[in-house]
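Report on one structure; see the data block that follows.
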Amino acid sequence: MTSSKKARAAARLAAVQALYQFEMEATPLASLLDEFHRHRLGMEIDEDQYAKAEVAFFDDVVKGAVARREEIDELLTSKLAQGWSLARLDKTMLQILRAGAYELMARADVPTGAAISEYVDVAHAFFDQREAKFVNGVLDAVGKAVR
1 MTSSKKARAA ARLAAVQALY QFEMEATPLA SLLDEFHRHR LGMEIDEDQY
51 AKAEVAFFDD VVKGAVARRE EIDELLTSKL AQGWSLARLD KTMLQILRAG
101 AYELMARADV PTGAAISEYV DVAHAFFDQR EAKFVNGVLD AVGKAVR
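Oh and the sequence shown: position 68 is 68 in the UniProt record's numbering, straight run, nothing missing.
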């Protein structure tokens, strides 16, 4: 994987973590971004070296997913199986889907397959194969709807 691809992958993972923190702790967005810039992106925490993340891409995904949350949530809800709601989803899963949906909606510079594949990889960091397939299915449906 090239360093720019690693930087984007690191940015996506960090964006999901930031969106999770925003959801759970209601950290003001400016404070949250500052915290990630200064203490998380590309830093060493508990001897784990975090990959250098593409900061502008991280900022865009986090800010965009927050700004367009209503629109994103409506779109995601329309792609869930009947009887499912966003409220039933694991909170981390929801942030993965929100970040992925934002990227598919707003980042035409990123190929559809690449965006979906990257968020499936993020899902693997937190979940088993079944949940990763779920992310793939939902984001594939989102991609078809918005591209």
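Ideal Cβ positions, reconstructed from N, Cα and C, are used throughout, including at glycine.
Rounded separation between residue i and residue j - CA only
i       : j       : result
Lys-6   : Gly-83  : 37 Å
Leu-94  : Gly-64  : 15 Å
Met-1   : Ala-10  : 12 Å
Leu-19  : Ser-3   : 24 Å
Leu-29  : Thr-92  : 18 Å
Asn-136 : Ala-125 : 14 Å
Asp-90  : Leu-32  : 21 Å
Nearest to residue i (by Cα), restricted to the options the options
i       : options                               : result
Ala-56  : Ser-117, Asp-90 and Arg-8             : Arg-8
Ala-145 : Ala-114, Ile-72 and Glu-23            : Ile-72
Ala-106 : Asp-90, Arg-69 and Ala-81             : Arg-69
Val-61  : Val-110, Thr-77 and Lys-79            : Val-110
Gly-143 : Asp-128, Ala-115, Lys-133 and Val-120 : Ala-115
Glu-74  : Ala-132, Val-66 and Leu-86            : Leu-86
Thr-27  : Glu-54, Asp-128, Glu-131 and Val-66   : Val-66
Gly-42  : Glu-54, Leu-104 and Asp-59            : Glu-54
Ala-108 : His-39, Phe-36, Val-138 and Arg-147   : Arg-147
Asp-59  : Phe-36, Asp-90, Phe-134 and Thr-112   : Phe-36
Ala-132 : Ala-141, Asp-121 and Asp-140          : Asp-121
Thr-112 : Phe-127, Arg-130, Val-138 and Asp-128 : Val-138
Glu-103 : Asp-140, Phe-22 and Phe-127           : Asp-140
Chain B contact for residue i (CB, 8 Å cutoff)
i      : result
Leu-19 : No chain B is present in this structure, which holds just one protein chain.
query = Counting only runs that start and end within the UniProt domain "NusB/RsmB/TIM44" (10–142), where is the alpha helix (DSSP H) found for 4 or more residues in a row?
reply = 29–35, 55–67, 69–79, 91–106 and 112–126
request  = Examine the Cβ distances between the stretch 98–118 and the stretch 10–24 and report whether three or more of them are shorter than 8 Å.
outcome  = yes
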